[in-house]
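For reference, the structure is listed below as structure tokens.
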Amino acid sequence: MKVHFIAIAGSAMHNLAIALKKKGYEVTGSDDEIFSPAKERLEQYGILPDTLGWHIERITSDLDCVILGMHAKADNPELLKAKELGLKIYSYPEFLYQMSKDKIRIVVGGSHGKTTTTAMILHAFKFAGIETDYMVGALLKGFDVMVKMSDEAKFMVLEGDEYLTSPIDLRPKFHLYMPNIAIITGIEWDHVNVFPTFEKYKEQFSIFADKISHGGTLIYCSEDKNVCDVAQSSRSDIEKLPYDVLSHKVEDEVTYVYHNNKEYRLQIFGDHNLLNMHAAMIACQKAGISNETFLTSMQSFEGASKRLETIKKSPEAIMFKDFAHSPSKLKATISAVKQQYPLRRLITVMELHTYSSLTQDFLKQYKGTMDLSDKAVVYYNPHALALKRLPDLDKDDVYKAFGKEGLIVTNDIDELLNILTNEHYENTCLLMSSSGNFDGLNLNLLADKLIK
Numbered sequence: 006m007k008v009h010f011i012a013i014a015g016s017a018m019h020n021l022a023i024a025l026k027k028k029g030y031e032v033t034g035s036d037d038e039i040f041s042p043a044k045e046r047l048e049q050y051g052i053l054p055d056t057l058g059w060h061i062e063r064i065t066s067d068l069d070c071v072i073l074g075m076h077a078k079a080d081n082p083e084l085l086k087a088k089e090l091g092l093k094i095y096s097y098p099e100f101l102y103q104m105s106k107d108k109i110r111i112v113v114g115g116s117h118g119k120t121t122t123t124a125m126i127l128h129a130f131k132f133a134g135i136e137t138d139y140m141v142g143a144l145l146k147g148f149d150v151m152v153k154m155s156d157e158a159k160f161m162v163l164e165g166d167e168y169l170t171s172p173i174d175l176r177p178k179f180h181l182y183m184p185n186i187a188i189i190t191g192i193e194w195d196h197v198n199v200f201p202t203f204e205k206y207k208e209q210f211s212i213f214a215d216k217i218s219h220g221g222t223l224i225y226c227s228e229d230k231n232v233c234d235v236a237q238s239s240r241s242d243i244e245k246l247p248y249d250v251l252s253h254k255v256e257d258e259v260t261y262v263y264h265n266n267k268e269y270r271l272q273i274f275g276d277h278n279l280l281n282m283h284a285a286m287i288a289c290q291k292a293g294i295s296n297e298t299f300l301t302s303m304q305s306f307e308g309a310s311k312r313l314e315t316i317k318k319s320p321e322a323i324m325f326k327d328f329a330h331s332p333s334k335l336k337a338t339i340s341a342v343k344q345q346y347p348l349r350r351l352i353t354v355m356e357l358h359t360y361s362s363l364t365q366d367f368l369k370q371y372k373g374t375m376d377l378s379d380k381a382v383v384y385y386n387p388h389a390l391a392l393k394r395l396p397d398l399d400k401d402d403v404y405k406a407f408g409k410e411g412l413i414v415t416n417d418i419d420e421l422l423n424i425l426t427n428e429h430y431e432n433t434c435l436l437m438s439s440s441g442n443f444d445g446l447n448l449n450l451l452a453d454k455l456i457k
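Using this note's numbering, you'd call the opening residue of the sequence shown number 6 and step up by one each time.
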């Protein structure tokens, strides 16, 4: 099969391209910008475009299909040529569904916790020796690619993103997967550039629940009122299974969960992760994995990349990086660190990076989210506002929005580095939280400088 990717360098797109290459497909692609790690990974598999840009000569009538990425525009010349030739054009969610329509699909949706919950399910499947296809939003330890597709696997595990499918298909991605088993982890307003009101955003999860196959299962967080609303109003022919935080204890900076009078020592921590774990456990039970086997597998689960990931640890200090950027994610991560390390001082640095987080009307959603931090810093780059065509953001507005006494707000990366360099880290946790990269700051090098 011969497939061409328009905008091949996206996180999901380049992983899908690699998965198809490994499956034996003939794969080509184009993009107008390709950054690491996509560049190196595409090169490793022999599918890195030889030149940047869009080249209509790459769109030929012998292509079996074209896969269109969200980074491309609706007037992309390669897309227009593919339409002219009458080629089959898929978004990557459409293609994933086509490849999995005869499998049992487990789809994890929600405003937060999707990647970790999906990763937990995959970790348990691997531990139990069950082959599965998958698509997950971060590279996982023990998995060499974020997408896998085979002819043999009975299951397909999908992280269900609510963002738009493609430039020519404005449906949320998770509306296309038609789950047999669906999880909703939480509903908190996000992507305000696409869903201008919370009600519109919440509606997408009701539609997602309505896409569950007849007689399928909805696993939902009983601690989130908005999720409960969606579950209770969903179709009566589906099974509805609520979940909450697993029974646990924290002792000597280690979290243990209990099940059937047995203790399981974990490498991860925090109520948000224990919620994710319970959802994953129920999904795995539906797939035939016992709770005992699941929890045994979780003892070796180290978390998904950038999700409360330990950068460096010494007897005196620990530095974490976390993908948390939305208000609930930020608050949950801070709470998790304080629960796990109650006797340590917590310094939290949060970068405003997404369209939502840099929007003045949305900023008020962050009120109180950093209150548990002993010292809190918020950073943003004015260039990010310009790229997103947003108005300038005043530092005083950020300070007022968070409502945290003593909050430091800066839009200068050198000032941020100066703040961190002059800090003392005795008996301290440092949490670096962003969906961006702090303007390319090497956190590993920073950790070596700060933590001895």
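Where a beta carbon is used, it is the ideal one built from N, C-alpha and C, also for glycine.
Treat the numbers as computed from the prediction; the structure is a model and nothing was measured.
If the five residues before and after Ala24 are omitted, its C-beta is found closer than 7 Å to the C-beta atoms of Val150, Val152, Lys153 and Met154, all from its own chain and listed in chain order. In terms of Cβ geometry, Asp402 and Leu368 form a close pair [threshold 8 Å]. Of all C-beta pairs linking the stretch 67-86 to the stretch 247-264, fewer than three are shorter than 8 Å, placing the two stretches out of contact. For Tyr263, the enclosing beta strand (DSSP E) covers residues Val259 to His264. In this structure, the straight-line span from the alpha carbon of Lys311 to that of Asn432 is close to 23 Å.
In this structure Asp138 does not touch Lys106 by the C-beta definition: roughly 12 Å separates them, more than the 8 Å allowed.
Judged by pairs of C-beta atoms under 8 Å, the stretch 300-309 does not touch the stretch 406-421, as fewer than three such pairs exist. Contact annotation: His283 and Val250 have beta-carbon atoms nearer than 8 Å. Each residue's CA atom was taken as its position, placing Leu279 and Met6 some 42 Å apart. If only complete runs of 4 or more residues are kept, the stretch 340-395 shows the alpha helix (DSSP H) at 365-368 and 387-392, in order along the chain. Contact between Ile126 and Ala187 does not hold, since the beta-carbon distance rounds to 12 Å and is not under 8 Å. Leu68 and Lys207 have their alpha carbons spaced roughly 39 Å apart. When C-alpha distances from Ser439 are compared across Lys380, Thr364 and Thr359, the shortest belongs to Thr359. In the structure shown, Leu271 falls within a coil segment according to DSSP collapsed to helix, strand and coil.
For Phe160, the uninterrupted beta strand (DSSP E) segment begins and ends at Phe160 to Glu164.
Assigned with DSSP and collapsed to three states, Arg240 falls in coil, not helix or strand.
Take the alpha-carbon of Leu181 and the one of Ile424: they are about 46 Å apart.
Take Lys400, set aside five residues on each side of it, and the residues of its chain with a beta-carbon closer than 8 Å to its own are Val414, Thr415 and Asn416, in chain order.
Proximity of the stretch 113-120 to the stretch 189-206 meets the contact definition, three or more beta-carbon pairs being nearer than 8 Å. The DSSP assignment places 109-114 as complete runs of the beta strand (DSSP E) inside the stretch 95-120, in order along the chain (cut-off: 3 residues). By the Cβ test, the stretch 36-49 is not in contact with the stretch 158-166, since fewer than three Cβ pairs between them sit closer than 8 Å.
Counting every other CB atom within 10 Å of its CB across the protein chains shown gives Glu256 a total below 16, marking it as exposed.
Straight-line spacing of the CA atoms in Lys405 and Lys44 works out to 41 Å. The criterion of a C-beta distance shorter than 8 Å is satisfied by Pro247 and Ser227. Each of Ile72, Leu84 and Phe100 was checked against the Cα of His60, and the nearest Cα belongs to Leu84.
Within the model, the alpha-carbon separation for Ala129 versus Cys289 is close to 8 Å. Straight-line measurement puts the Cα of Glu244 at about 27 Å from the Cα of Gly134. Around the beta carbon of Thr426, fewer than 16 other beta carbons sit within 10 angstroms, so the residue counts as exposed. When the five nearest sequence neighbours on each side are left out, the beta carbons in the same chain lying within less than 8 Å of the beta carbon of Ile418 are those of Tyr384, Asn386, Phe443, Asp444 and Leu446, in order along the chain. In terms of CA proximity to Gly142, Lys119 leads the group Phe132, Lys119 and Asp55. For Met18, the secondary structure class from DSSP, reduced to helix, strand or coil, is helix. Within the same chain, Cβ atoms closer than 7 Å to the Cβ of His19 are found at Ile13, Ala43, Arg46 and Leu47, the five residues on either side in sequence being excluded. Closest in alpha carbon position to Asn281, among Leu101, Leu169, Ala124 and Lys88, is Ala124.
Annotation: the stretch 16-51 contains the following complete segments of the beta strand (DSSP E) (minimum length 3 residues), in chain order: 31-35. DSSP places Val71 in the strand class (E or B) of the three-state scheme. Ranked by how close their Cα comes to the Cα of Leu169, the residues Met140, His76, Ala214 and Glu136 have His76 in first place.
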